[in-house]
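Q: Okay, here's the structure, questions in a sec.
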Amino acid sequence: MRLSNDAQQPERLQGLPPLVHACTRILVLGSFPSVKSLQSQQYYAHPQNHFWRIMRALWPDAPWPADGDYAKRCQGLLAQGVGVWDVYAHCEREGSLDSAIRHAQLNDFPGLLGRCPQLRGILHNGGESFRHAKAVEKALLSAGLAERVTLHRLPSTSPANASWTFEQKLSAWQAVMNTHGMMA
241 MRLSNDAQQP ERLQGLPPLV HACTRILVLG SFPSVKSLQS QQYYAHPQNH
291 FWRIMRALWP DAPWPADGDY AKRCQGLLAQ GVGVWDVYAH CEREGSLDSA
341 IRHAQLNDFP GLLGRCPQLR GILHNGGESF RHAKAVEKAL LSAGLAERVT
391 LHRLPSTSPA NASWTFEQKL SAWQAVMNTH GMMA
């Protein structure tokens with residue numbers, strides 16, 4: 241954990257901005273970026289995280305860059321109507337495990353919803369994210385969107401979720417995307 245200048249108070253880690261646009265129909269909510277993701281300023285930057293591999297498997301005909309160019313991957317994801325964000329805006333954490341998150345502050349869900357008028361589903365990427373489904377649901381209710389936006393809990397794409405194989409994760413993600421008409 242990084243320490244602030246006075247070396248007594250841990251520095252609060254800042255999450256990443258939302259990756260969304262007006263055509264976002266599905267929002268994937270993680271918990272908080274890993275150390276590698278924060279260093280790279282990229283969602284799901286850890287090479288063993290299955291997120292990008294799952295997205296490529298869901299939409300194999302999308303223009304995914306062969307060189308792993310992050311900006312192009314984000315463009316490809318947004319073109320499919322999928323956005324990404326995290327439940328936490330700030331927290332203290334040593335390492336990358338969700339179990340190490342302390343003093344977390346939730347992101348501004350009501351502020352984001354106005355940026356996604358076509359939103360139909362929110363996919364919680366793992367249990368830590370899903371722990372805050374009630375806060376997300378409350379934001380949806382206050383925005384008048386609860387009738388048309390469905391919340392889902394999916395298995396985490398994190399390498400820490402070793403009890404699920406890639407194929408099991410892909411199948412679960414595929415089933416939810418199918419319910420929202422996101423698959424060809």
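Numbering-wise (our numbering), the sequence shown opens with residue 241 and increments by one.
C-beta atoms are modelled at their ideal positions from N, C-alpha and C, and glycine is treated no differently.
Remember, it's a predicted structure, so these values are computed and weren't measured experimentally.
Looking only at its chain, what residues have a beta carbon closer than 7 Å to the beta carbon of K312, apart from the 5 residues adjacent to it on each side?
A: P305.
Q: With 16 other CB atoms within 10 Å as the buried threshold, where does Q408 fall?
A: Exposed: under 16 other Cβ atoms inside 10 Å.
Q: Rounded to whole angstroms, what is the Cα-Cα separation between I341 and I362?
A: Cα-Cα distance, rounded: 22 Å.
Q: Taking all protein chains shown into account, do 16 or more other C-beta atoms lie within 10 angstroms of the C-beta of G351, making it buried, or fewer, making it exposed?
A: Its Cβ having fewer than 16 others within 10 Å, G351 is exposed.
Q: Quick one: Cα of C263 to Cα of G323, how far?
A: Each residue's Cα considered, the two are about 9 Å apart.
Q: Using only CA atoms, which one of R360, G367 and L269 lies nearest to Q347?
A: In the sequence under discussion, the amino acid at residue 347 is Asn, which differs from the Gln named in the question. Ranking R360, G367 and L269 by Cα distance to N347 puts L269 first.
Q: Assign M417 to one of two classes, buried (16 or more other C-beta atoms within 10 Å of its C-beta) or exposed (fewer than that).
A: It counts as buried.
Q: Give, in chain order, every unbroken run of the alpha helix (DSSP H) that is at least 4 residues long and sits entirely within the region 302-387.
A: You should have 310-319, 349-353, 367-370 and 373-382.
Q: Looking at H364 and L317, is the spacing between their C-beta atoms short of 8 Å?
A: Cβ atoms of L317 and H364: not closer than 8 Å.
Q: Could you name the residues that DSSP lists as bridge partners for I266?
A: V322 and G361, per the DSSP bridge assignment.
Q: The beta strand (DSSP E) that contains R197, what's its start and end?
A: Because the chain here runs from 241 to 424, residue 197 falls outside it and cannot be looked at.
Q: Within 10 angstroms of its Cβ, does M295 collect 16 or more other Cβ (buried), or is it exposed?
A: When all chains shown are included, M295 counts as buried.
Q: Could you tell me the distance, in whole angstroms, from the CA atom of V389 to the CA atom of R355?
A: Near 14 Å, if we compare the C-alpha coordinates of R355 and V389.
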